[in-house]
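Everything on this sheet refers to the single structure shown next.
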Amino acid sequence: MTITEYTENPSPTTSGSGSGSGSGRRQRGRPPGSKNKPKPPIIVTRESPNTLKSHILEISPGSDIVEAIMSFARRRGRGVCVLSATGVVADVILRQPATTTSAGVMTLRGRFDVLSLTGTALPPPAPPGSSGLTVFLDGGQGHIVGGIVVSPLIASGIVVVMAASFANAVFDRLPLEDGEEKDGGVPVISGGDGGSGGDW
1 MTITEYTENP SPTTSGSGSG SGSGRRQRGR PPGSKNKPKP PIIVTRESPN
51 TLKSHILEIS PGSDIVEAIM SFARRRGRGV CVLSATGVVA DVILRQPATT
101 TSAGVMTLRG RFDVLSLTGT ALPPPAPPGS SGLTVFLDGG QGHIVGGIVV
151 SPLIASGIVV VMAASFANAV FDRLPLEDGE EKDGGVPVIS GGDGGSGGDW
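Numbering (UniProt numbering), first residue to last: 1 to 200.
Structural data, given as structure tokens:
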């Protein structure tokens, strides 16, 4: 029985017959000096209507913050999700979340630093009651007061709001009934910008 040994790099002293048989084999691995071919960059030529846009809204002193955000949503034709805010507001009217009557409404006189402002603003034809803001304020002496904002919410100085806008929102009523289609919701916001200019 004959055993033939193959080497990756035959020595120069190998006989002519041995080197001839080894030269016909394809060597393993990448050739020396080879590199990966550069891949062409992916270029997005147009923006998807489902893109979530970030906005920094600067609201002037004396303006109603609620109306300013709602006007921005209507003019752009997009829903607005308020993430946070900084600034000072004055003479705030709040409704406690657990109540819906006038007895649960309180008025705060004076100027207050905004600690948190969150909520949504949906343009027509959104269902009634789908928009609203919740605010938490520095009440002084370590106290924090908050609740659902009852418009107006007047800016006592420049108020900066961090928000995100979206389109193509769909209104779904839960829980879903048996046999109801998964994508059977009612469109609330159509895609596209409703305004040509900024609102702030």
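No residue lacks a Cβ here, since even glycine has one placed at the ideal position from N, Cα and C.
Check                                                                                                  : Outcome
Whole-angstrom C-beta distance between V89 and I154, which should lie under 8 Å                        : 6 Å
Neighbourhood of M1 by C-beta, 8 Å cutoff - its chain only, sequence neighbours within 5 removed       : Interpretation of M1 is limited by its pLDDT of 46, a score under 50 that renders its predicted location unreliable; the figure taken from the coordinates is listed afterwards. Nothing meets the Cβ criterion.
Rounded separation between K35 and I42 - CA only                                                       : 21 Å
Between the CA atoms of G132 and L122 - distance to the nearest angstrom                               : 9 Å
Rounded straight-line distance, which links the Cα of L174 to that of D138                             : 36 Å
Three-state class that DSSP yields for R28 in the structure shown                                      : coil
Any alpha helix (DSSP H) of 4 or more consecutive residues that is wholly inside the stretch 39 to 117 : 65 to 76
Member of S156, D178 and V66 whose CA lies at the smallest distance from the CA of T134                : V66
Whole-number beta carbon distance between V161 and L57, since they are thought to touch under 8 Å      : 4 Å
Three-state secondary structure assigned by DSSP to S156                                               : coil
Element boundaries [beta strand (DSSP E), containing L137]                                             : G132 to G140
Top-ranked residue by Cα proximity to L83, from S156, T120 and G157                                    : T120
8 Å contact criterion, which I59 and V150 should meet: CB distance rounded                             : The Cβ separation is near 18 Å, so there is no contact.
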